[in-house]
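For the sequence shown, the working numbering assigns the number 15 to the initial residue and increments by one for each residue that follows. Following: one structure in structure tokens, then a few remarks.
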Amino acid sequence: MAEGGKKFSVMLIVGLIVLGLVLAGGISYFIATKVISGKGDGPAAREPGVYMKLGDPKEGLIINIGGVNSGRYLKIGVVLELKPDKKGQGPGGKGNSPEEIKALDAVVQLLRMQKVEDFEPAKQERLKGLIKAEVNRAFGEERVYEVFITNFVLQ
15 MAEGGKKFSV
25 MLIVGLIVLG
35 LVLAGGISYF
45 IATKVISGKG
55 DGPAAREPGV
65 YMKLGDPKEG
75 LIINIGGVNS
85 GRYLKIGVVL
95 ELKPDKKGQG
105 PGGKGNSPEE
115 IKALDAVVQL
125 LRMQKVEDFE
135 PAKQERLKGL
145 IKAEVNRAFG
155 EERVYEVFIT
165 NFVLQ
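Given below as structure tokens:
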């Protein structure tokens with residue numbers, strides 16, 4: 015009888031190990047197919063954006079910050095990734111488009127209102143968020159996907 019009980023307990027242990035491996039494989043399969051593939055749909059679902067560089071093509075924007083008598087200047091290159099226009103009109107011609115003028119006005123006003131301390135490197139992501147929110151407000155809709163700062167000199 016002792017041998018029968020020993021065989022039963024060994025078989026029970028082997029059965030529990032096999033059951034655990036099957037459960038672990040099922041959970042891994044679920045994670046690989048559902049969770050990971052679901053997270054990849056977010057950025058890929060949007061349309062590719064169009065890029066708009068604000069200011070002078072070479073210089074970017076040069077702005078007096080900290081008040082008229084401060085003598086502090088900011089040279090910054092800002093590129094906006096925008097949702098494509100439904101009309102399919104891109105920036106063309108020699109003049110600025112109306113949406114480019116709105117974006118430029120919003121960014122210049124925002125940057126001139128900032129204090130010198132707001133331009134620290136640790137606060138760059140906050141600055142990008144402020145620019146995105148202000149330009150979206152100027153457009154009257156959520157058009158800005160991303161804000162890129164390509165050049166930044168504070169004197």
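Where a beta carbon is used, it is the ideal one built from N, C-alpha and C, also for glycine. Bear in mind that the values here come from a model prediction, so they are computed numbers and not experimental data.
>> For Glu156 and Thr47, what's the separation of their Cα atoms in angstroms?
In response: Their Cα atoms are separated by approximately 32 Å.
> When you compare only the Cα positions, how much space is there between Lys72 and Val92?
Replying inline: Going from the Cα of Lys72 to the Cα of Val92 covers about 11 Å.
> How many angstroms separate the CA atom of Gln123 from the CA atom of Ala38?
Replying inline: Answer to the nearest angstrom: the Cα atoms are 57 Å apart.
> Nearest to Phe153 by alpha carbon, out of Ser111, Gly69, Pro62?
Replying inline: Distance check between Phe153 and each of Ser111, Gly69, Pro62 places Ser111 closest, using alpha-carbon atoms only.
>> Suppose the cutoff is 8 Å on Cβ atoms and the five residues either side in sequence are ignored; what does the same chain contact list for Ile50 look like?
In response: Apart from sequence neighbours up to five positions away, no residue of its chain approaches Ile50 with a beta-carbon distance below 8 Å.
> Tell me, which residues are paired with Ile77 by DSSP?
Replying inline: Beta-bridge pairing links Ile77 to Leu88.
>> Within 8 Å, do at least three Cβ pairs link the region 120-139 to the region 28-42?
In response: Too few Cβ pairs lie closer than 8 Å, so no.
> Any chance the region 137-146 sits against the region 73-80, with 3 or more Cβ pairs inside 8 Å?
Replying inline: When C-beta atoms of the region 137-146 are compared with those of the region 73-80, fewer than three pairs fall below 8 Å, so the two segments do not count as touching.
> How is the alpha helix (DSSP H) around Glu160 delimited, first residue to last?
Replying inline: From DSSP, Glu160 is part of no alpha helix (DSSP H) but of the beta strand (DSSP E) over 158-168.
>> Quick check on this structure: which residue in Glu160, Ser42, Gly80 has the alpha carbon closest to the alpha carbon of Leu94?
In response: Minimum Cα distance to Leu94 is reached at Glu160.
> Going by alpha carbons, who is nearest to Ala147 out of Lys137, Gln138, Val158, Phe133?
Replying inline: Looking at Lys137, Gln138, Val158, Phe133, the one whose alpha-carbon comes closest to that of Ala147 is Val158.
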